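Take 0 as the starting number for the sequence shown in numbering that gives the first Met the number 0 and just add one per residue. For each residue, glycine too, the CB sits at the ideal point set by N, CA and C. Every value quoted in this text rests on a predicted model; they were computed, and no experiment measured them.
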Amino acid sequence: MNLKPNRPSKRLNVADRLTASAARFPDAIAVACNQRVSPTYPAESRGKSGCLYATITFAELDADATRIARGLAAWGVRPGTRLALLVRPGIEFVTLVFALLRAGVVMILVDPGLGRKNLVRCLNAVEPEGFVAVGVAQVARLALRHKFPRAKWNVTVGRRWFWGGLTLDELRARGESVANGSPTNSPVQHVGGAHPTQAADPAAMIFTSGSTGMPKGVLYTHRMFDTQVSEIQSKYDIKPGGVDLACFPLFALFNSAMGVTTVFPEMDFSRPASADPRKLLAAANDWQVTQAFASPAVWGVVGRHFVATGKRIPSLRQVFSCGAPVPAHVLRQTLEGVAEGAKMHTPYGATECLPVATIEAAEILSETVEKTDCGAGVCVGRKFESIDWRVIRITDKPIATIDEAEEMPTGEIGELIVRGSQASPSYVTCLEENGASKIADSRSGEEGRFPAPCSTLHPPFWHRMGDIGYLDGQGRFWYCGRKSHRVETVAGPLFTECVEAVFNTHPAVRRSALVGIGPRGKQTPVLVVECQAGTNAGNLIDELRCHAKACQQARDIQHYLIHPGLPVDIRHNAKINREQLAAWATKQLSRRRASGPISHL
């Protein structure tokens with residue numbers, strides 16, 4: 000696997016933003032988390048909950064990241080080395096992210112919630128040269144050492160037993176020796192542990208959630224991270240000194256780079272829908288958080304808690320949610336329990352390109368939600384300034400150059416393509432997807448070159464988002480569903496978000512999923528429904544058939560199935576796994592064909 004840096008490019012390392020934060024706010028708290036997650040750091044009681052939090056200041060965080068980066072260099076870890084980071088969200092996680100960036104190391108990030116099989120498969124595909132991990136992960140690495148033959152540089156966070164390598168404290172000691180001028184076994188050729196990385200140099204490999212297939216490894220450059228920080232801070236007017244409740248761990252990178260305190264609540268980050276709202280509110284109110292980032296599943300849990308208990312987070316002024324469309328009732332319930340006049344934003348994007356667009360809840364609730372309920376799709380808002388986008392005619396075939404793509408008129412549904420400095424130049428696994436998802440811009444002369452050099456604001460390729468929708472007269476994108484999820488019938492295509500929204504307005508429907516049975520072009524549309532508790536399934540199906548008359552596309556639904564709980568993605572617990580449901584529906588219909596088209600569990 001060749002991940003050599005691209006040249007020429009300007010010097011850039013997103014870890015420099017942490018140094019700037021540390022210089023401005025040396026004694027301010029950078030990260031706070033449950034004491035049990037980071038027992039190394041001093042704990043203090045905060046607020047009325049009585050919880051103990053481990054904390055670290057910006058100056059301490061910056062110094063520790065530098066110390067670790069120096070230790071890696073002194074140990075012999077060279078820039079470009081691929082290290083898998085498997086550490087629980089907390090102070091060590093944030094410190095290590097910045098340390099690896101500062102050392103020029105390429106960190107590999109895989110959501111442990113993907114499950115053991117997928118986790119091993121993903122890591123094996125990118126051939127890590129070492130693991131920076133907790134003890135249990137090091138044991139697994141040793142047991143599966145035939146899967147990771149190149150894993151030479153292994154750092155244990157916590158106590159090390161029999162698996163070799165260094166502990167994090169030993170690595171820190173090496174870094175301290177370098178700072179004090181003590182001799183080491185390996186020369187350190189850069190000052191302060193900061194490798195002079197370039198903007199286009201690899202910074203990380205981050206895996207997708209796998210909600211539409213196998214998780215894919217996405218290459219992140221330093222420019223991508225830096226652009227994300229700049230765009231998020233500018234668009235949402237995020238000021239240093241704020242406090243963020245981070246229910247998605249990687250967002251802590253942006254916080255520390257912006258001078259914002261990160262508070263990790265007590266929760267299982269790999270299963271956000273299972274979060275205890277009482278613990279989230281305890282952390283939020285203990286620290287008087289001013290902003291919070293979480294998936295729609297988390298805000299659904301928190302919103303219901305607001306309604307049931309009357310509890311609030313009165314300091315919370317900016318709310319962020321992404322990963323899947325956010326239902327209107329979740330927006331309303333969430334806004335009921337935060338500061339008066341608070342804004343709730345739903346940024347749109349993907350692992351391969353984030354952020355792309357954004358819209359505020361006020362605009363959704365006052366204007367677009369009524370159109371969504373009638374089958375118009377979900378409005379995800381206007382694009383960020385750094386993004387260029389187009390809607391092109393839908394095709395499942397590769398598109399070599401932009402000249403081959405047919406742009407659709409305003410209001411007509413097609414496939415969204417984007418380009419910008421936050422767009423990944425390539426996948427590092429499932430390499431065949433590069434040809435399917437990238438479109439070279441023929442005017443740049445960079446056709447077929449991956450990774451692309453990314454030397455301009457708009458790099459010489461377009462990324463196919465895999466999403467279907469249209470642009471309206473106000474320049475907003477309306478999301479109609481994933482391209483791979485569209486149902487191609489004899490009468491024409493049906494789009495998931497357009498059809499499902501019509502049925503989701505029924506009070507007995509918790510959520511629904513449109514799937515297609517049979518060969519593409521001749522698919523039979525099936526609606527799979529998850530009911531609210533206590534619903535009579537038989538009566539509901541009759542009601543849904545009548546309900547379908549409100550939407551032209553919905554009238555084509557032939558079969559209705561009741562499912563006890565729709566499967567969702569691992570990362571956000573919000574994206575419905577329609578591939579799995581299609582296979583399930585096929586089996587259900589084949590078993591019940593003799594009893595007619597109306598079937599339910």
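Minimum C-alpha distance to residue i - residue among the options
i	options	result
G103	C32, R77, G112	R77
D387	A22, D395, A293, R463	R463
D471	R590, Q587, F319, R389	R389
T428	V86, L11, F206, V300	F206
H304	A399, W286, A281, K238	A281
E351	G380, G419, R101	G419
K278	L588, S20, P563, C32	C32
R475	I556, F383, R519, P459	F383
D15	L60, G112, M204, A399	L60
R577	R481, A553, V501	R481
Q232	T18, V105, Q317	Q317
R115	A547, W152, P214	P214
G70	H194, G134, P111, R35	H194
A27	N12, L364, V13, F57	F57
Q473	L167, I393, V379, T523	V379
A203	L108, A291, D267	L108
P524	T488, S314, I55, I561	T488
Whole-angstrom C-beta distance between residue j and residue i, which should lie under 8 Å
i	j	result
I312	A283	5 Å
S385	T226	6 Å
D568	S208	5 Å
S261	A274	The sequence as given places Thr at residue 261; Ser does not occur at that position. About 17 Å; that fails the 8 Å criterion.
A29	S255	6 Å
M223	S436	Incorrect: roughly 16 Å between the Cβ atoms, too far for contact.
L85	I67	In fact, because the Cβ distance is near 16 Å, the residues do not count as touching under 8 Å.
D395	C50	With a Cβ gap of about 51 Å, D395 and C50 do not count as contacting.
E128	A150	6 Å
A132	A178	Actually they are not in contact, since the Cβ atoms of A132 and A178 sit about 25 Å apart, beyond 8 Å.
A439	I516	Rounded, the Cβ-Cβ distance is 37 Å, inconsistent with contact.
S294	A573	5 Å
Beta-bridge partners of residue i, as assigned by DSSP
i	result
Q290	D243, Q317
W461	I438
G380	F476
G216	F206
W388	V417
I363	I363 pairs with nothing; no bridge assigned.
A31	T54, V262
E487	P492
G515	P524
Q197	R10
C550	Partner(s): none; C550 has no beta bridge.
F130	A83
K342	Q317
For residue i, three-class secondary structure by DSSP
i	result
C429	coil
R577	helix
E140	One detail in the question is off: residue 140 reads as Arg in this sequence, not Glu. R140 falls in the helix class under three-state DSSP.
I312	strand
L249	coil
E43	strand
G348	strand
Q587	helix
C121	helix
G468	strand
P4	Unreliable positioning characterises P4 in this predicted model, as indicated by a pLDDT of 45, which lies under 50. The coordinate reading is nonetheless provided below. It is coil, neither helix nor strand.
C-alpha gap between residue i and residue j, whole angstroms
i	j	result
I540	H328	23 Å
V668	L330	Because residue 668 is not part of the residues shown, which for the chain are 0 to 600, the question remains open.
K370	C321	20 Å
A375	L513	15 Å
R591	V528	17 Å
E405	G216	29 Å
D372	Y219	37 Å
Q531	V242	36 Å
R101	T504	49 Å
H484	Q421	25 Å
Q137	E91	16 Å
F161	E432	40 Å
K310	S44	21 Å
A582	A22	56 Å
E265	A507	32 Å
L580	P566	8 Å
K342	V119	40 Å
N538	Q557	16 Å
L99	L353	21 Å
Test: residue i CB closer than 7 Å to a CB of chain D
i	result
M266	Here chain D cannot be found, since the structure has a single protein chain.
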